[in-house]
Amino acid sequence: MVYFPGPTSGCGVCTLHPPLFAPPAAAWMHRLFYTAHCLVMPANHPHPTPVLILGAGLLGRLLGLALARSGHRVTIHEARAESDQGAAAWVAAAMLAPLAEAAVAEPNVVRMGLYALPRWRELIASLRQPVYFQQDGTLILWHRQDAAEATRLSRVWAQTVQQVPELQAAQPLDAQQLAALEPSVAGHFQSGIYLPQEGQLDNHQLLQALAAELPALGADLHWLQPTSLAQAQDWQRTHGGWVLDCRGLGAQADWTAPEQPLRGVRGEVACLYAPGVTLQRPTRLLHPRYPLYIAPKQDHFFVVGATQIESEDLSEVSARSALELLSAAYAVHPGFGEARIVGLQSQCRPTLPDHQPLVRECAPQVLQINGLFRHGYLIGPAVCDAVLEYVQQGQRDLAERLELRFEPCAQVLAA
């Protein structure tokens, strides 16, 4: 478990990139990481390029931070209030689990998630405010009647490791190994699977730390200021520079790819306070209909989620979903029976038909960045770095290597 209190010693190149991790072993990942390192190096531009970012969600804040550190004049327009806690980036468990997500994600998304893990460690270490970060793996559990699902996923994960060899293989656990790894579930489960590379962060702390960091870097944040793409392009005609649309579902009315409609996929989470429960790492309970995850945060707070509903309904969590979440949590650890329900929240994640992220240049120097689905925290730094490379260097090497769909404007390609 790692808890970063803020900036520490520098990397020998700059003070923003502490050497708190070993780079991935694969040569291509090594090259990608250090290319990204250079993209966020502070720079003194005699004529800094202005950038307008629409949306102060996770991706908008990450891009704003990196661009401001690079010397750009950053303006961010956000429709919600700064204190609003209902955005998709807030209603999340923020698990960094590339191999676990291979159950529902393509290998390129897994590859982006693997790339993002050391980037998260680096980013969090550079922030002034503390952000909880942990990389102690993911534990997979199941009841006896769901053993077939564990067998199926084991095959999926083995195939994914063949496709993305930088991943460490899933490790099967017998009862003794499971008890040694996670003593609190000993006796309740006789076997499990351990995914060693994975981690999580505290998304609430991260969003607050980013919001505090941006003004300190000179970024101009405008809360309660909904801005359409047309209004942003008016701004661009006056100020020049770039427009980056990171509004998620807020960009539906302006989405310019009708062949790839943008929709919402509903997710629901419960936040529990359970002083009688200790889990060392994110834990997933397999189930054919609603696989559950439990993400332990600091001080015995837990984020519990499972549901993925094809709906753009933004109403409160349903009684049925709440019962399923709480019952499954209790099945993992009986101590959740005495937990206090701190909150039940729902939100919709911006999703494209193939569940893949997409960067589109709908007009010269106007990027629409959307479709991160349930993988915002998993792949956010990868998408951010690919956008930075294009904005700052006019290159798409990183996007191509990570197989991130990136569609430049036809006018730009013809130039």
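Numbering-wise, our numbering puts 964 at position 230 of the sequence shown, and it's gapless, one number per residue.
C-beta atoms are modelled at their ideal positions from N, C-alpha and C, and glycine is treated no differently.
For clarity, every value in this text was computed on a predicted model and none was experimentally measured.
Collapsing the DSSP output to three states places E883 in a helix. Counting of Cβ neighbours within 10 angstroms places G984 among the buried residues, the total reaching 16 or more. With the rule of 3 Cβ pairs closer than 8 Å, the segment 1012-1024 counts as touching the segment 867-874. Annotation note: the segment 793-860 contains the following uninterrupted alpha helix (DSSP H) runs of length 4 or greater, listed N- to C-terminal: 841-860.
About 7 Å separates the CB atoms of A813 and Q959; that is less than 8 Å, so the two are in contact. By a beta-carbon distance limit of 8 Å, P1009 contacts H1034. Their separation comes to about 5 Å.
Per the DSSP secondary-structure output, F1035 pairs in a beta bridge with Y1007. Leaving aside the five residues that flank D1047 on each side, the residues in its chain whose CB is nearer than 7 Å to its CB run, in chain order, R1000. Per DSSP, the continuous alpha helix (DSSP H) segment holding A909 begins and ends at 909-915. In this structure, L1006 sits near F1070, with a CB-CB distance shorter than 8 Å. In the structure shown, L1013 adopts coil according to DSSP, grouped into three states. Less than 8 Å separates the beta-carbon of G1114 from that of A850.
Secondary structure note for L1059: its alpha helix (DSSP H) is the uninterrupted segment 1053-1066. The residue from A815, G789, A1056, F867 with its alpha-carbon nearest to that of T809 is G789. Nearest C-alpha to E1044 among E947, A836, V825, H1089: H1089. Boundaries of the alpha helix (DSSP H) harbouring P1115: 1110-1127, taken from the DSSP string.
In this structure, DSSP gives T894 a helical state, which the three-state scheme calls helix. In the DSSP assignment, L786 falls within the beta strand (DSSP E) that extends over 784-788. Membership of L963 in any beta strand (DSSP E) is not indicated; the residue belongs instead to the alpha helix (DSSP H) covering 963-973. DSSP places H956 inside the beta strand (DSSP E), whose first and last residues are 954-956. Bounds of any alpha helix (DSSP H) do not take in D936, whose DSSP letter is neither H nor E.
Note on T1085: 16 or more other CB atoms within 10 angstroms of its CB, so buried under the neighbour-count rule. Q934 places its beta carbon 8 Å or farther from that of A836.
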